[in-house]
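In this note's numbering, each residue carries its 1-based index in the sequence shown increased by 15.
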Amino acid sequence: MRGVIVGLALACAAPAAAQPWRYEDAQGRVHYTSDVNQLPKDKRDRILA
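Below is the structure:
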């Protein structure tokens with residue numbers, strides 16, 4: 016029983032996935048990234064403000 020509790024605690028403590036960011040480029044194409052630094056500067060500034 017103790018092993019089950021430890022296993023569940025470790026499973027719940029796993030790091031969460033990175034925040035997916037969605038943006039459109041000048042041509043209207045949709046892009047997704049998990050790195051906020053890949054967002055266009057104007058969109059990044061609005062998010063981080």
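Ideal placement from N, C-alpha and C gives every residue a C-beta, glycine not left out. No experiment lies behind these values; they were computed from the predicted model shown.
Q. Run through DSSP, which three-state label would Arg-37 get?
A. As a working note, residue 37 is residue 22 in the sequence shown. Three-state result, Arg-37: strand.
(Q) In the DSSP output, what is Val-45 paired with across the bridge? (A) Residue numbering aside, residue 45 sits at position 30 when the sequence shown is read from its first letter. Glu-39.
(Q) Taking the straight line between their C-alpha atoms, what separation do you get for Trp-36 and Gln-42? (A) Mapped onto the sequence shown, residue 36 falls at position 21. Mapped onto the sequence shown, residue 42 falls at position 27. Computed Cα separation, rounded: 18 Å.
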